[in-house]
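One structure below.
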Amino acid sequence: MKVLKVLISAGPTREYIDAVRFITNASSGKMGYSIAEVAYKDGADVVLISGPVTVPYSENIKTIFVQTSKEMYEQVIKYFYKTDIFISAAAVCDWRPERRYNYKLKKTDIFNLKLRQTDDILLKISRLKDRKNKFVVGFALETENIVRNAIEKLRNKNLDLIVANSTKCIGGNSFEGHIIDKSGKIIRVNRIDKLKFAKLLWSVIKNLYLKKNNVYE
Numbered sequence: 001m002k003v004l005k006v007l008i009s010a011g012p013t014r015e016y017i018d019a020v021r022f023i024t025n026a027s028s029g030k031m032g033y034s035i036a037e038v039a040y041k042d043g044a045d046v047v048l049i050s051g052p053v054t055v056p057y058s059e060n061i062k063t064i065f066v067q068t069s070k071e072m073y074e075q076v077i078k079y080f081y082k083t084d085i086f087i088s089a090a091a092v093c094d095w096r097p098e099r100r101y102n103y104k105l106k107k108t109d110i111f112n113l114k115l116r117q118t119d120d121i122l123l124k125i126s127r128l129k130d131r132k133n134k135f136v137v138g139f140a141l142e143t144e145n146i147v148r149n150a151i152e153k154l155r156n157k158n159l160d161l162i163v164a165n166s167t168k169c170i171g172g173n174s175f176e177g178h179i180i181d182k183s184g185k186i187i188r189v190n191r192i193d194k195l196k197f198a199k200l201l202w203s204v205i206k207n208l209y210l211k212k213n214n215v216y217e
């Protein structure tokens, strides 16, 4: 069997307000890094696109660090065409300041923080014409109606698989949620360590990819 080329995005992005302040979220990047480690140890050729994190990274895995959602999109699209499997585990900011100040704003400065939506990386990927033989995995972080909202995202973005979990897992060391594939099959996952979950998830992804492309080990 050929070596699988796997692209993974991980961690948060930062959308700068001024020279020192930015909008971000609580993503630690642990999930994406765990999946990258598991896939690499299974023999995959892994490229990891990472936002700002404190998670130690392996020198054996090609890791590209970015800051903003725009930078992450540019790197994802650069490597997507060369990949078999794309796992979008990054928590990309949905909003960015309309204007970025190149200096540090003073406390006494009065201004209105106007926001604009960032590009939806997964949606853009789903619309690519030559995505047919690629396997695309998304994540859905929800506060309510977790499974229903995840299934809607899977369909709207033409994903092969989606991982659904609540905000309780963000930034922590454990995972609890669901794995949902395109056929509608749902795997319920009780609370486990993120590395153990990464092993389970990679096994599911790999098997479904091989089945989709009629490849057998």
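Quick note on the numbering used here: the sequence shown kicks off at 1 and runs consecutively. In this text, a Cβ means the ideal position worked out from N, Cα and C, and glycines have one as well.
Can you tell me whether Tyr103 is buried or exposed? The criterion is at least 16 other CB atoms within 10 Å of its CB, across all chains shown.
With fewer than 16 other Cβ atoms inside 10 Å of its own Cβ, Tyr103 counts as exposed.
Taking C-alpha atoms, which residue in Asn60, Val136 and Leu105 lies nearest to Gly43?
Of the listed residues, the one whose Cα sits closest to Gly43 is Asn60.
Just mark Asn156 as buried or exposed, buried being the case when its beta carbon has 16 or more other beta carbons within 10 Å.
Exposed.
Specify the secondary structure class of Ala150 as computed by DSSP and reduced to three states.
In this structure, Ala150 counts as helix in the three-state DSSP scheme.
Comparing the C-beta of Ile110 with each C-beta of chain D, is any distance below 9 Å?
The structure shown has no chain D; it contains just one protein chain.
DSSP on Lys194, reduced to helix/strand/coil?
Looking at Lys194 - three-state DSSP - the assignment turns out to be helix.
Using only the alpha-carbon positions, how far apart do Lys2 and Asn165 sit?
Straight across, the Cα-Cα distance linking Lys2 with Asn165 is about 32 Å.
Give me the residue from Asn25, Gly177 and Asn158 with the minimum Cα distance to Arg191.
Looking from the CA of Arg191, the closest CA among Asn25, Gly177 and Asn158 belongs to Gly177.
Just to confirm, is the Cβ distance from Thr108 to Thr68 under 9 Å?
Not closer than 9 Å, so no.
In this structure, how does DSSP classify Arg155 when only helix, strand and coil are distinguished?
Per DSSP, reduced to three states, the secondary structure at Arg155 is helical.
Compare the beta carbon distance of Ile35 and Val76 with 9 Å and say whether it is the shorter of the two.
Against a cut-off of 9 Å, the Cβ pair of Val76 and Ile35 comes out as no contact.
Under the three-state DSSP convention, the category Ser9 falls into:
Strand.
Would you call the region 21 to 37 and the region 47 to 55 touching, i.e. three or more CB-CB distances under 8 Å?
Touching, yes.
If you measure between the beta carbons of Ser88 and Phe139, is that distance less than 9 Å?
Yes.
Would you kindly work out how many angstroms separate the C-alpha atoms of Asp160 and Arg100, rounded to a whole number?
Each residue's Cα considered, the two are about 36 Å apart.
Look at the Cβ atom of Phe135, then the Cβ atom of Tyr79, and state whether they are nearer than 9 Å.
In this structure, Tyr79 does not lie closer than 9 Å to Phe135 by Cβ.
Hey, Ile23 and Leu105: beta-carbon distance below 9 Å or not?
The answer is no: Cβ separation not under 9 Å.
Nearest CA to the CA of Leu7: which residue from Lys211, Phe86 and Asn112?
With distances taken between CA atoms, Leu7 lies nearest to Phe86 out of Lys211, Phe86 and Asn112.
Just grab the DSSP bridge partners of Pro97 for me.
Beta bridge pairing from DSSP links Pro97 with Leu115.
Where Lys41 falls: helix, strand or coil (DSSP):
Look at Lys41 here: in three-state DSSP terms it is helix.
Measuring alpha carbon to alpha carbon, tell me which residue in Asn158, Tyr73 and Pro97 is nearest Arg218.
Past the boundaries of the shown model lies residue 218; the chain is included only from 1 to 217, so the question cannot be answered.
What number of angstroms, rounded off, separates the C-alpha of Glu142 from the C-alpha of Lys185?
Glu142 and Lys185 have their alpha carbons spaced roughly 19 Å apart.
Boundaries (first-last residue) of the beta strand (DSSP E) holding Glu176:
Glu176 -> beta strand (DSSP E) spans Ser174 to Asp181.
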